[in-house]
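Q: For reference, each letter of the sequence shown is one residue, going 4 to 438 in the working numbering. Where is the CB? At the ideal position from N, CA and C, for every residue including glycine. Bear in mind that the values here come from a model prediction, so they are computed numbers and not experimental data.
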Amino acid sequence: MGERLFGGKGDSEYTANFSQVPDHMLTKKTPGVKPCESSACREVSIGHSSFHRHIRAGTEHKPYAYKEHEGKLYMRKQHKKVFSHRHSFRTHETPLTGDKPYDCKECGRTFNSLTSLQRHMVRHNGHGPYICKLCGKVLAHLSSYRIHARIHTGEKPYKCEQCGKAFRTSSSIRAHERTHTGEKRYRCKECGKAFIHYSTFHRHKRSHTGEKPYECKECGKAFIDYSSFHRHKRSHTGEKPYECKECGKAFIYFSSFHRHKRSHTGEKPYECTECGKAFNLPSTFRIHKRTHTGEKPYECKECGKAFSCSGSLHTHKKTHTGEKPYECKQCGKAFSHLRSVQRHIKAHTGDEPYKCEICGKGAYTPSALQTHERIHTGEKPYECKQCGKAFTCSSSFRYHERSHTNTLYECKECGKAFIYPTSCQRCERTHTINI
Numbered sequence: 004m005g006e007r008l009f010g011g012k013g014d015s016e017y018t019a020n021f022s023q024v025p026d027h028m029l030t031k032k033t034p035g036v037k038p039c040e041s042s043a044c045r046e047v048s049i050g051h052s053s054f055h056r057h058i059r060a061g062t063e064h065k066p067y068a069y070k071e072h073e074g075k076l077y078m079r080k081q082h083k084k085v086f087s088h089r090h091s092f093r094t095h096e097t098p099l100t101g102d103k104p105y106d107c108k109e110c111g112r113t114f115n116s117l118t119s120l121q122r123h124m125v126r127h128n129g130h131g132p133y134i135c136k137l138c139g140k141v142l143a144h145l146s147s148y149r150i151h152a153r154i155h156t157g158e159k160p161y162k163c164e165q166c167g168k169a170f171r172t173s174s175s176i177r178a179h180e181r182t183h184t185g186e187k188r189y190r191c192k193e194c195g196k197a198f199i200h201y202s203t204f205h206r207h208k209r210s211h212t213g214e215k216p217y218e219c220k221e222c223g224k225a226f227i228d229y230s231s232f233h234r235h236k237r238s239h240t241g242e243k244p245y246e247c248k249e250c251g252k253a254f255i256y257f258s259s260f261h262r263h264k265r266s267h268t269g270e271k272p273y274e275c276t277e278c279g280k281a282f283n284l285p286s287t288f289r290i291h292k293r294t295h296t297g298e299k300p301y302e303c304k305e306c307g308k309a310f311s312c313s314g315s316l317h318t319h320k321k322t323h324t325g326e327k328p329y330e331c332k333q334c335g336k337a338f339s340h341l342r343s344v345q346r347h348i349k350a351h352t353g354d355e356p357y358k359c360e361i362c363g364k365g366a367y368t369p370s371a372l373q374t375h376e377r378i379h380t381g382e383k384p385y386e387c388k389q390c391g392k393a394f395t396c397s398s399s400f401r402y403h404e405r406s407h408t409n410t411l412y413e414c415k416e417c418g419k420a421f422i423y424p425t426s427c428q429r430c431e432r433t434h435t436i437n438i
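1) Measuring CB atoms only, is the stretch 317-327 touching the stretch 336-352, in the sense that at least three cross pairs come out at less than 8 Å?
2) Are the beta-carbon atoms of lysine 187 and phenylalanine 170 separated by less than 8 Å?
3) CB alanine 366 to CB histidine 375, shorter than 8 Å?
4) Does the beta-carbon of arginine 112 have 16 or more other beta-carbons within 10 angstroms, so that it is buried, or is it exposed?
5) CB isoleucine 255 to CB lysine 264, shorter than 8 Å?
6) Candidates Tyr148, His144 and Ala143: which alpha carbon is nearest leucine 137's?
7) Could you tell me the distance, in whole angstroms, from the CA atom of tyrosine 423 to the CA atom of serine 259?
8) I'd like the list of long-range same chain contacts for phenylalanine 204, defined as Cβ closer than 6 Å, with 5 residues on each side in sequence excluded.
9) Residues in the same chain with beta-carbon distance under 8 Å from tyrosine 273, minus the five sequence neighbours each way, listed in chain order, please.
10) Out of Phe114, Thr184, Ile290 and Glu221, point me to the one whose CA is closest to tyrosine 201's CA.
11) Alpha carbon to alpha carbon, what distance is there between threonine 408 and threonine 435?
12) Quick one: Cα of cysteine 303 to Cα of phenylalanine 310, how far?
13) Rounded C-beta distance between cysteine 417 and cysteine 427? I'm assuming under 8 Å.
14) Going by the DSSP bridge assignment, what does leucine 142 pair with across the sheet?
15) Taking the alpha-carbon of serine 230 as reference, which of Ser174, Thr433 and Pro216 has the nearest alpha-carbon?
16) What does the alpha-carbon distance come out to for the pair alanine 420 and threonine 433?
17) Tell whether a beta-carbon distance below 8 Å holds between tyrosine 385 and phenylalanine 400.
18) So if DSSP puts aspartate 106 in a beta bridge, which residue, or which two residues, is it bridged to?
19) Jot down the residue ranges of each uninterrupted beta strand (DSSP E) in the stretch 180-239, minimum 3 residues, whole runs only, in chain order.
20) Using beta-carbon positions only, say whether cysteine 359 and leucine 372 come within less than 8 Å of one another.
21) Quick check on the DSSP output: the alpha helix (DSSP H) that includes leucine 411 runs from which residue to which?
22) Quick check: the Cα distance between lysine 70 and isoleucine 154, rounded to an integer number of angstroms?
23) Would you mind reading off the limits of the alpha helix (DSSP H) that contains isoleucine 378?
24) Identify whether tyrosine 357 lies in helix, strand or coil by the three-state DSSP scheme.
25) Whose C-alpha, out of Cys278, His323 and Ile150, is nearest the C-alpha of cysteine 306?
26) Find out if the Cβ-Cβ distance for the pair valine 344, tyrosine 357 is shorter than 8 Å.
27) To the nearest angstrom, report how far apart glutamate 180 and cysteine 163 are at their CA atoms.
28) What's the C-alpha gap between methionine 124 and arginine 234?
29) Checking the sheet assignment: what are the DSSP bridge partners for lysine 162?
30) In the DSSP assignment, find the alpha helix (DSSP H) that holds glutamate 404 and state where it starts and stops.
31) Just mark threonine 184 as buried or exposed, buried being the case when its beta carbon has 16 or more other beta carbons within 10 Å.
32) Leaving out the 5 sequence neighbours to the left and right, which residues in its chain are closer than 6 Å to lysine 80 when beta-carbon positions are compared?
33) Per DSSP, which one or two residues make a beta bridge with valine 277?
34) What number of angstroms, rounded off, separates the C-alpha of threonine 352 from the C-alpha of threonine 268?
35) On a Cα-Cα basis, can you pick out the residue from His261, Cys222, Gly391 and His239 that is closest to tyrosine 245?
36) Give me, in chain order, the residues of the same chain whose beta-carbon lies closer than 8 Å to that of cysteine 430; leave out the 5 immediate sequence neighbours on both sides.
In structure tokens form, the structure reads like this:
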């Protein structure tokens with residue numbers, strides 16, 4: 004006779020949104036073994052070992068004591084950690100040794116315990132007793148389901164006493180607490196860099212070994228970690244799980260979705276302390292800061308000209324190759340980069356959606372409107388460190404900077420030198436007209 008593996012009280016609050024597979028998948032037939040029932044909670048266990056583990060879970064009896072090793076990066080005094088289950092005791096040892104002997108044959112991911120591997124395998128085979136009715140995710144254990152359910156309910160029962168931030172799981176809050184203490188348990192033997200989380204440390208080690216265990220079967224591209232590999236697979240399947248409720252636009256990556264939401268809210272959390280300009284992306288903010296510091300890390304190998312961002316260098320390279328891949332369908336004029344052709348097309352359509360509230364002048368883009376408005380406010384956020392002259396827009400400021408350098412643009416026809424490339428180009432055109 005088969006006995007149910009699940010039977011504890013107090014689980015009704017979690018069963019509203021999950022389904023169980025047929026009873027035969029929740030039973031275990033063990034000839035000659037009678038089930039054991041707990042008098043405290045009516046929990047049914049198969050076999051005496053499971054029953055005794057369950058009883059210990061309801062008492063303070065923890066027979067397995069573990070003494071942490073000296074010389075590890077825990078930076079604590081020696082103490083004895085006690086466990087109620089032998090499995091928990093053995094699993095606890097793993098972060099110290101770094102041993103992950105259980106390997107998933109589907110994706111190559113490694114685990115420190117057999118149960119962790121078994122839980123992971125549910126992702127691949129889709130077989131598990133708990134199925135979330137809200138998103139369809141299959142889970143192997145009730146404890147896993149309880150944690151998963153919090154994603155939908157928004158429940159975060161673990162709150163940090165330092166900053167008030169809340170978390171869904173106890174492991175997440177423990178890891179977070181280390182950001183306050185500064186404790187970095189895991190140190191790389193190769194470069195000495197230390198990490199708060201074991202998972203981050205484990206990924207970092209691959210930067211030294213070059214190991215990329217997660218390979219895409221579609222295109223052969225390999226990845227250091229499973230999460231990057233999982234996100235990449237969506238580029239082949241076309242799956243876009245993150246949909247904007249405002250406009251319906253969907254995204255492959257959560258980070259892209261999160262950035263997009265700011266286009267509706269107008270949120271710009273990254274503000275420049277130099278000029279007060281705000282940005283919705285950290286990458287854009289970092290590039291902007293270089294206009295104040297003068298840092299230009301991207302240099303053209305052809306002419307030595309340097310740029311504050313890689314995109315500007317990429318656009319500049321086309322001046323050497325003569326490449327103009329973007330063509331206007333209205334008049335056939337070609338451009339070296341996409342933004343230029345987009346601005347040009349608006350000149351045909353007369354589309355100037357951004358209007359100045361003071362004088363009514365239209366602008367093609369929000370940034371162009373912002374630059375125009377400075378004419379009225381008198382704001383000049385770009386100041387030359389050499390002579391103190393200030394400018395309303397970054398392009399004028401960059402042009403001015405060249406007046407202090409020795410960079411000159413020479414006309415190929417007459418040899419006349421110019422500070423600005425546009426002046427040189429105008430001179431060259433006068434020669435072609437005269438011809």
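A: Let me lay it out:
1) They touch, by the three-pair rule.
2) Result no, Cβ atoms of lysine 187 and phenylalanine 170 do not sit closer than 8 Å.
3) yes
4) buried
5) The Cβ atoms of isoleucine 255 and lysine 264 do not sit closer than 8 Å to each other.
6) Tyr148
7) 38 Å
8) Tyr189 and Phe198
9) Ala281, Phe282, Asn283, Leu284, Pro285, Thr287 and Phe288
10) Phe114
11) 29 Å
12) Rounded to the nearest angstrom, the two C-alpha atoms are 8 Å apart.
13) Rounded, the Cβ-Cβ distance is 11 Å, inconsistent with contact.
14) Tyr133
15) Pro216
16) 15 Å
17) yes
18) Under DSSP, aspartate 106 shares a beta bridge with Thr113.
19) As far as the stretch 180-239 is concerned, it has no whole beta strand (DSSP E) run of at least 3 residues.
20) yes
21) Element bounds for leucine 411: n/a, residue is neither H nor E.
22) Since pLDDT at lysine 70 reaches only 39, below the 50 mark, its modelled position is unreliable, and the value read off the structure follows with that caveat. In a straight line, the C-alpha of lysine 70 is about 36 Å away from that of isoleucine 154.
23) Where isoleucine 378 is concerned, the enclosing alpha helix (DSSP H) stretches over 369-380.
24) Three-state DSSP puts tyrosine 357 in a strand.
25) His323
26) no
27) 7 Å
28) 18 Å
29) Ala169
30) 397-404
31) exposed
32) Residue placement at lysine 80 cannot be trusted, given a pLDDT of 36 that sits under 50; the coordinates are not used to answer.
33) For clarity, residue 277 is glutamate in the given sequence; the question names valine instead. Glutamate 277 is not bridged to any residue.
34) 28 Å
35) It is His261.
36) Cys414, Glu416, Cys417, Lys419 and Phe421
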